[in-house]
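Chains Z and D, in that order, are what the protein sequence lines are. Going by the numbering used here, 285 is the number at position 274 of the first sequence; the sequence numbering is gapless. Going by the numbering used here, 54 is the number at position 53 of the second sequence; the sequence numbering is gapless.
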Amino acid sequence: MTRTENPLARFLIYIALALFTVYNILPFAWTIMSSIKLPKDANARIPRFTFSPTGENYAELWLNMRPEDFAPYGLALVVFIFLLGVVGFSANRIPAPNSLIYMGCILAGVLVAVALPEVVNTAEFYDYLINSVIVTIGTLCVSLTIGALAGYGLARFRHVVSVYILVIALAFRSLPSLALVLPFYYLGQLSGLYDTHILLIFCLVAVNQPFTIWMLRSFFMEIPIEIEEAAMIDGAGRLRSFISVIVPIMWPGIITTGLFTLLLAYNDFLLARILTQINWTLPVGIAQWTGGEDPGHVTLAAAASVSTTLPILVVIIFFQKYLIRGLASGAVKG
Amino acid sequence: MTKGTFTFFVAPSVFIMLALMTLPLLASIILGMHYITFRNLDEPLWVGFQNYQQVLEDPEFWDSLEFTLLFIAATVPLRIALGLMFALLLDQIRRFRGVFIAAALVPFVMTPVVGTLIFRDMFDRGGPYWYWMQQLFEYRLFMNSTTVPLLIIFHSIWTATPFAMIVLFAGLQTLPQESLEAARVDGASWLRQLWHIAIPHLRSLFVFIALISIMDAYRVFDSVFVLTRQNPIFDAETIMYYNFQVAMNFGRLGKANAMSVLTVIGIFVVLIPFLAMTYREQMEEA
Numbered sequence: 012m013t014r015t016e017n018p019l020a021r022f023l024i025y026i027a028l029a030l031f032t033v034y035n036i037l038p039f040a041w042t043i044m045s046s047i048k049l050p051k052d053a054n055a056r057i058p059r060f061t062f063s064p065t066g067e068n069y070a071e072l073w074l075n076m077r078p079e080d081f082a083p084y085g086l087a088l089v090v091f092i093f094l095l096g097v098v099g100f101s102a103n104r105i106p107a108p109n110s111l112i113y114m115g116c117i118l119a120g121v122l123v124a125v126a127l128p129e130v131v132n133t134a135e136f137y138d139y140l141i142n143s144v145i146v147t148i149g150t151l152c153v154s155l156t157i158g159a160l161a162g163y164g165l166a167r168f169r170h171v172v173s174v175y176i177l178v179i180a181l182a183f184r185s186l187p188s189l190a191l192v193l194p195f196y197y198l199g200q201l202s203g204l205y206d207t208h209i210l211l212i213f214c215l216v217a218v219n220q221p222f223t224i225w226m227l228r229s230f231f232m233e234i235p236i237e238i239e240e241a242a243m244i245d246g247a248g249r250l251r252s253f254i255s256v257i258v259p260i261m262w263p264g265i266i267t268t269g270l271f272t273l274l275l276a277y278n279d280f281l282l283a284r285i286l287t288q289i290n291w292t293l294p295v296g297i298a299q300w301t302g303g304e305d306p307g308h309v310t311l312a313a314a315a316s317v318s319t320t321l322p323i324l325v326v327i328i329f330f331q332k333y334l335i336r337g338l339a340s341g342a343v344k345g
Numbered sequence: 002m003t004k005g006t007f008t009f010f011v012a013p014s015v016f017i018m019l020a021l022m023t024l025p026l027l028a029s030i031i032l033g034m035h036y037i038t039f040r041n042l043d044e045p046l047w048v049g050f051q052n053y054q055q056v057l058e059d060p061e062f063w064d065s066l067e068f069t070l071l072f073i074a075a076t077v078p079l080r081i082a083l084g085l086m087f088a089l090l091l092d093q094i095r096r097f098r099g100v101f102i103a104a105a106l107v108p109f110v111m112t113p114v115v116g117t118l119i120f121r122d123m124f125d126r127g128g129p130y131w132y133w134m135q136q137l138f139e140y141r142l143f144m145n146s147t148t149v150p151l152l153i154i155f156h157s158i159w160t161a162t163p164f165a166m167i168v169l170f171a172g173l174q175t176l177p178q179e180s181l182e183a184a185r186v187d188g189a190s191w192l193r194q195l196w197h198i199a200i201p202h203l204r205s206l207f208v209f210i211a212l213i214s215i216m217d218a219y220r221v222f223d224s225v226f227v228l229t230r231q232n233p234i235f236d237a238e239t240i241m242y243y244n245f246q247v248a249m250n251f252g253r254l255g256k257a258n259a260m261s262v263l264t265v266i267g268i269f270v271v272l273i274p275f276l277a278m279t280y281r282e283q284m285e286e287a
């Protein structure tokens with residue numbers, strides 16, 4: 012549409028957008044500040060924007076007992092994570108198969124994560140993080156695998172059956188998850204699967220599935236059918252041509268869908284709250300600070316909030332363009 | 002694609018949805034006909050439609066439904082209006098677009114429990130918003146049964162406006178250029194371009210955002226859980242939250258199942274026109 016050339020109007024537009032931006036990020040910025048304050052600064056009647064920062068809250072959140080010489084461990088951990096990132100993102104330049112490098116990075120990360128509690132006395136919050144990571148990655152793997160198969164089938168098989176599946180899936184998308192979780196809670200109690208990762212992962216996969224197949228299907232629809240026809244003429248079967256021809260060109264669509272799945276699995280509170288007893292995920296762990304009025308809670312809750320938000324924020328900022336493309340395509344139907 | 006291959010591709014997903022969505026739904030209906038608490042999980046007591054009747058006669062259920070509908074009526078139009086406003090502003094500029102969009106994503110992607118917690122801190126005693134309100138308007142904000150529902154609405158707009166903004170902004174980039182050119186030649190003002198070209202073009206996106214927003218607002222839970230501090234005095238229970246309380250706090254699992262069945266029926270009634278529309282669309286394509 013026509014852009015205004017009036018300098019005053021343009022100035023006001025920038026001011027309005029800047030205010031909107033401040034409004035969007037101020038709470039998180041304030042929380043970051045609170046997380047490095049001493050309780051006396053965080054509980055001041057007049058908000059304090061200048062204070063002497065402290066790492067105390069993070070230490071209390073993550074560690075049960077602090078060894079005297081924690082600094083080298085912390086530093087080693089930060090360097091290690093940084094190195095993993097560097098290796099992972101420069102995989103294309105290293106003369107070795109990419110998949111091997113990724114596998115190596117993941118394996119090293121898992122090993123360190125598992126070994127860490129042996130070296131330093133980590134607090135419960137660390138377990139919540141591990142639970143969250145397991146549940147999120149499990150949900151991503153299962154959901155995207157079966158969702159991609161179904162999305163592809165639904166995109167290519169034009170038949171009433173496909174329409175039925177799609178419409179029913181859309182109806183399922185609107186279900187309040189409580190309607191599904193209560194029977195699960197009941198079955199989990201009876202079968203002994205209550206409070207296990209498996210139950211939570213499959214519940215999240217199910218809740219996610221309608222959205223996943225709709226979104227992936229709309230991405231598959233954009234791929235011209237000639238591509239896999241060519242592969243099939245060369246003698247590849249449906250599954251072969253799907254895996255070796257379609258999936259490689261579908262990565263952007265899979266990443267986009269994966270981001271939304273990731274958000275849902277990582278951010279979920281209600282399902283995890285009802286289906287777990289002690290194997291809490293991060294959002295459930297944080298909820299313990301939502302009720303009380305204990306002054307020491309403010310800084311701890313802030314440190315927990317920042318610790319929970321940073322991983323997801325880093326992932327999202329890194330893959331921002333995929334997320335925005337997904338939102339923009341309107342493929343988020345349902 | 003043959004029917005056999007199709008079945009092979011779709012089977013795992015359909016199986017998961019059958020086993021983990023259809024069956025639980027049916028189980029919900031049947032569990033709703035039993036008296037179950039945490040103590041008699043393995044020997045539920047058949048009570049027929051008593052739970053359903055109890056839910057329908059429960060004034061708190063109707064209160065929570067009323068609050069939920071009020072919440073939908075208050076937030077959905079605001080989300081769309083504000084989203085459109087900021088999308089139009091964003092459309093006017095070239096520089097810093099990426100920064101504005103990235104910042105808008107923060108409340109949208111943040112874990113809802115965390116987002117609500119830090120949003121609440123801003124308004125709590127000693128928080129910046131609380132302090133500025135007191136300084137600028139001499140208004141001392143207390144958490145009570147008027148302000149807490151308002152904060153719940155306010156919070157939902159904070160998290161959902163960016164979504165509407167990004168979707169509508171993307172829609173604005175695909176406006177039919179010929180019509181805009183013609184309008185410009187005819188000297189149509191920005192407002193007329195908006196009214197006659199942009200808004201009709203964005204209509205399907207408005208429907209889309211409204212639907213997503215209604216569905217999400219209908220099942221809002223996390224923010225209520227945090228903002229009310231699980232304290233009933235604030236009079237701000239949504240239907241999902243009350244349902245959760247009946248299950249986990251009162252331990253009436255049977256009644257909670259009956260209630261969730263009734264809420265599902267409620268959302269389906271709203272959705273039927275949309276489902277019918279999608280069905281027709283897809284049938285034409287198939």
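All C-beta atoms, glycine included, are put in the ideal place defined by N, C-alpha and C. Note that this is a predicted model, so its numbers are computed, not measured.
Pop quiz: residue i and residue j are said to be a contact at Cβ under 8 angstroms. What is the actual Cβ separation, rounded to whole angstroms?
| i | j | result |
| --- | --- | --- |
| Thr310(Z) | Ser63(Z) | At roughly 13 angstroms, the Cβ-Cβ gap does not stay under 8 angstroms, so Thr310(Z) and Ser63(Z) are not in contact. |
| Gly252(D) | Phe39(D) | 5 angstroms |
| Phe41(Z) | Pro129(D) | The displayed chain sequence assigns Trp, not Phe, to residue 41(Z). About 6 angstroms; that satisfies the 8 angstroms criterion. |
| Phe9(D) | Tyr163(Z) | Not confirmed; about 11 angstroms, so no contact. |
| Val221(D) | Thr239(D) | 5 angstroms |
| Gly267(D) | Asn52(D) | About 16 angstroms separates the two Cβ atoms, so there is no contact after all. |
| Met166(D) | Ala105(D) | 6 angstroms |
| Gly127(D) | Arg56(Z) | 5 angstroms |
Hey, out of the options, whose CA is closest to residue i's CA?
| i | options | result |
| --- | --- | --- |
| Ile212(Z) | Pro18(Z), Thr292(Z), Ser255(Z) and Thr61(Z) | Thr292(Z) |
| Phe7(D) | Ile148(Z), Gly120(Z), Phe22(Z) and Val172(Z) | Val172(Z) |
| Ala315(Z) | Gly66(Z), Ala20(Z) and Asp206(Z) | Gly66(Z) |
| Ala313(Z) | Glu238(D), Arg80(D) and Met123(D) | Met123(D) |
| Ser318(Z) | Ser143(Z), Gly115(Z), Arg21(Z) and Gly248(Z) | Ser143(Z) |
| Ile158(D) | Leu254(D), Ala75(D) and Glu238(D) | Ala75(D) |
| Ala182(Z) | Asn145(D), Leu71(D), Leu212(D) and Lys4(D) | Leu212(D) |
| Asp206(Z) | Leu270(Z), Asn290(Z), Leu127(Z) and Asn278(Z) | Asn290(Z) |
| Asp279(Z) | Val192(Z), Arg56(Z) and Thr32(Z) | Val192(Z) |
| Arg169(Z) | Ile30(D), Glu282(D) and Val15(D) | Glu282(D) |
| Ile209(Z) | Ile236(Z), Ala107(Z), Tyr84(Z) and Leu286(Z) | Leu286(Z) |
| Leu324(Z) | Met249(D), Thr112(D), Met134(D) and Asn244(D) | Thr112(D) |
Taking 9 angstroms as the CB-CB limit, is residue i close to chain Z?
| i | result |
| --- | --- |
| Val262(D) | yes |
| Ile81(D) | no |
| Phe143(D) | no |
| Ala237(D) | no |
| Arg204(D) | no |
| Phe87(D) | yes |
| Gly116(D) | yes |
| Gly127(D) | yes |
| Glu286(D) | yes |
| Ala183(D) | no |
| Val270(D) | no |
| Gly252(D) | no |
Any beta carbon of chain D sitting closer than 9 angstroms to that of residue i?
| i | result |
| --- | --- |
| Val146(Z) | no |
| Ser316(Z) | yes |
| Gly158(Z) | yes |
| Lys344(Z) | Annotation note: pLDDT 44 at Lys344(Z) (below 50); position unreliable, no value reported. |
| Phe280(Z) | yes |
| Phe31(Z) | yes |
| Gln331(Z) | yes |
| Met12(Z) | yes |
| Trp41(Z) | yes |
| Ala180(Z) | yes |
Every unbroken alpha helix (DSSP H) inside the region 183-233 of chain Z [4 residues or more]: Counting whole runs of 4 or more residues, the region 183-233 of chain Z contains the alpha helix (DSSP H) stretches 189-202 and 208-232.
Mind checking the region 51-76 of chain D against chain Z and listing, in chain order, the residues whose C-beta falls within less than 7 angstroms of any C-beta there? For the region 51-76 of chain D, no residue has a beta-carbon sitting nearer than 7 angstroms to a beta-carbon of chain Z.
Contiguous alpha helix (DSSP H) assignments of at least 4 residues, all confined to the region 139-190 of chain D: Counting only unbroken stretches of 4 or more residues, the alpha helix (DSSP H) elements lying wholly within the region 139-190 of chain D are 148-173 and 178-186, in sequence order.
Could you name each continuous alpha helix (DSSP H) segment of 4 residues or more that falls completely within the region 22-104 of chain D, going from the start of the chain to the end? Whole alpha helix (DSSP H) segments, 4+ residues: 24-32, 51-58 and 60-93.
I'd like the ranges of any alpha helix (DSSP H) spanning at least 4 consecutive residues and lying wholly in the region 306-345 of chain Z. You should have 306-329 and 331-339.
Between the region 213-226 of chain Z and chain D, which residues of the former have CB atoms less than 9 angstroms from a CB of the latter, in chain order? Across the region 213-226 of chain Z, CB contacts with chain D closer than 9 angstroms involve Phe213, Cys214, Val216, Ala217, Val218, Gln220, Pro221, Thr223 and Ile224, in sequence order along the chain.
Taking only runs of the alpha helix (DSSP H) that begin and end inside the region 218-273 of chain D, which ones reach a length of at least 4 residues, in chain order? Runs found: 223-228 and 240-245.
Along the region 243-269 of chain Z, where does the CB come closer than 7 angstroms to a CB of chain D? Name the residues. The residues in question are Arg249.
What are the uninterrupted segments assigned as alpha helix (DSSP H) that are 4 or more residues long and contained completely in the region 29-114 of chain Z, given in chain order? Uninterrupted alpha helix (DSSP H) stretches at least 4 residues long and entirely within the region 29-114 of chain Z occur at 50-53, 67-73 and 81-100, given in chain order.
Can you pull out the residues from the region 187-200 of chain Z whose beta carbon lies closer than 9 angstroms to at least one beta carbon of chain D? Cβ contacts with chain D: Pro187, Ser188, Leu189, Ala190, Leu191, Val192, Leu193, Pro194, Phe195, Tyr196, Tyr197, Leu198 and Gln200.
Between the region 281-294 of chain Z and chain D, which residues of the former have CB atoms less than 9 angstroms from a CB of the latter, in chain order? From the region 281-294 of chain Z, only Leu281, Arg284, Ile285, Leu293 and Pro294 have a Cβ closer than 9 angstroms to chain D.
Would you list, in chain order, the members of the region 161-174 of chain Z that have their beta-carbon closer than 9 angstroms to a beta-carbon of chain D? Against chain D - using a Cβ distance shorter than 9 angstroms - the residues of the region 161-174 of chain Z are Ala161, Gly162, Tyr163, Gly164, Leu165, Arg167, Phe168, Arg169, His170, Val171, Val172, Ser173 and Val174.
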